[in-house]
Amino acid sequence: MAGVKIDGLEKKFGSLRVLKGIDLDIRDGEFVSFLGPSGCGKTTLLRSIAGLEEIDGGRVVLGGQPISKLPPAKRDIAMVFQNYALYPHMNVYKNLSFGLSLNGVPKAEIDERVQNAARILQITELLKRRPKQLSGGQRQRVAIGRAIVRDPKLFLLDEPLSNLDAGLRVTMRVELANLHKRLGVTMIYVTHDQVEAMTLSDRVVVLDQGKVAQFGTPLELFYAPRNLFVASFIGSPKMNFLDVSVKISGEKELTVSAEELSGEIKVALEAAAKDVAGPHTLGIRPDNIELVAQDEAHMSGQVLLVERLGTESQVHIKLENGQTFVAIARGTHPAATGDRVYLKFPAQHCHIFNGEGQAYPRELDAETRSLIDRQKSLHGAAQRGEEK
């Protein structure tokens, strides 16, 4: 096993800078996801670590050893691609063993590694089948098994579940999480699906236009986004935003106002704010908006659509200024299309961003802070090999 350190990584395609000085420190045995929209550079970053892309600056260090100048075959890295890339004329056993045979590994050791990988992935009964006789999930397990038999220092997975149907993706997510726990090896996972990233990862790298927007635990990204990009990207439905004016109202407190708001909102911060000049943005997640009586509300609007999902309803609301907000209410809430509803924004759930899109770190309630700290402590225990 080995950690990965990336210093100032640069990658260009012609005059286009795709990776713009990436710095990351991924710990030994950690499961880290690269998350972001199409074109943000996540796959290019993964391929640069693997040696499949020649970097234009910076360096990659694996287990304390610089590997930037090594060819892919010498990096002790195994990669699982989006497509399974199995040999159709070979059975599963030969697909798993072929690479080891080429490298001159003794037959007895090959058989031991193949049988061990098959046992871990629960595909022992499939070893004599060919790829065309396997389901999509079984083929993906074989592709992962081909990486496991190499016993690498690092696993790289490039959207390995994207070709599976929704139900199978859930099953494979669970299997991947259990696989990582059993193997204890460092894994880097590329995905555009935030559910995969948030449920699988110890920490998540959110990429935006070739830069690291934030690197933290899933709960840190959700409850304490550092900027507008992370706040808008993490969460579904995404966070609601409103342009506001801000003034300092206390040592660690901001007062928010806007023409659309009835009254002011006072938001507690972790540290004192020094400069609040210029435009600001208030952000609040749909599940934190309260639908209340008129005299309690900060704002009102007309219901455009109610998506009833069983335990919850997603209420799409057109505000007086023409914006559309989404609020999440209980599944049995009586709101219907055309109704006028009244919205309250609890101060403890409001995020404030300055004109450059950077967040003022807000004071989290004790329950949320405890939850974030617990996730960090569980991650730390996993890194030390302790029982969770």
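Read in full-length UniProt numbering, the sequence shown has 70 at position 70, and its numbers run on one by one without any break.
Even for Gly, the Cβ is constructed at its ideal location relative to N, Cα and C.
What you are looking at is a predicted structure, and each value in this text was computed from that prediction instead of being measured.
What did DSSP end up calling residue i once you bin it into helix, strand or coil?
{"i": "Lys12", "result": "strand"}
{"i": "Lys69", "result": "coil"}
{"i": "Val142", "result": "helix"}
{"i": "Ser300", "result": "strand"}
{"i": "Ala50", "result": "helix"}
{"i": "Arg384", "result": "Because the pLDDT at Arg384 is just 49, under 50, the model does not fix this residue reliably, and the value given afterwards should be weighed accordingly. Correct three-state label for Arg384: coil."}
Name the DSSP bridge partner or partners of residue i?
{"i": "Met79", "result": "Leu156"}
{"i": "Arg308", "result": "Ser313"}
{"i": "Phe98", "result": "Answer is none; Phe98 lacks a bridge partner."}
{"i": "Arg340", "result": "Gln302"}
Looking at residue j and residue i, is the spacing between their C-beta atoms short of 8 Å?
{"i": "Gly301", "j": "Leu343", "result": "yes"}
{"i": "Pro237", "j": "Ala231", "result": "no"}
{"i": "Thr324", "j": "Lys318", "result": "yes"}
{"i": "Phe215", "j": "Leu24", "result": "yes"}
{"i": "Val256", "j": "Ile265", "result": "yes"}
{"i": "Thr44", "j": "Lys11", "result": "yes"}
{"i": "Lys5", "j": "Val61", "result": "yes"}
{"i": "Gly51", "j": "Arg17", "result": "no"}
{"i": "Ala277", "j": "Lys252", "result": "no"}
{"i": "Gln314", "j": "Glu307", "result": "yes"}
{"i": "Gly357", "j": "Phe229", "result": "yes"}
{"i": "Pro279", "j": "Asp243", "result": "yes"}
{"i": "Leu254", "j": "Ala273", "result": "yes"}
{"i": "Leu86", "j": "Val142", "result": "yes"}
Quick check: what's the CA-CA separation for residue i versus residue j?
{"i": "Ile188", "j": "Arg203", "result": "10 Å"}
{"i": "Thr199", "j": "Asp339", "result": "36 Å"}
{"i": "Gly8", "j": "Gly235", "result": "29 Å"}
{"i": "His351", "j": "Asn91", "result": "55 Å"}
{"i": "Leu176", "j": "Gly210", "result": "27 Å"}
{"i": "Ile55", "j": "Ser162", "result": "27 Å"}
{"i": "Val212", "j": "Pro286", "result": "26 Å"}
{"i": "Arg59", "j": "Ile49", "result": "9 Å"}
{"i": "Ser345", "j": "Glu196", "result": "Note that residue 345 is Phe in the sequence shown, not Ser. If I take the Cα positions, the gap works out to 29 Å."}
{"i": "Leu207", "j": "Val303", "result": "34 Å"}
{"i": "Ala2", "j": "Glu30", "result": "9 Å"}
I think residue i touches residue j, with their Cβ atoms under 8 Å apart; what is that distance to the nearest whole Å?
{"i": "Asn95", "j": "Arg150", "result": "Between Arg150 and Asn95 the Cβ distance is about 13 Å, and since that is not below 8 Å, they are no contact."}
{"i": "Ile26", "j": "Val80", "result": "The pair is not a contact, with the Cβ atoms about 17 Å apart (cut-off 8 Å)."}
{"i": "Ala78", "j": "Phe155", "result": "6 Å"}
{"i": "His298", "j": "Gly263", "result": "6 Å"}
So is residue i in contact with chain C if we call contact Cβ pairs under 8 Å?
{"i": "His298", "result": "Among the chains in the structure shown there is no chain C, since it carries only a single protein chain."}
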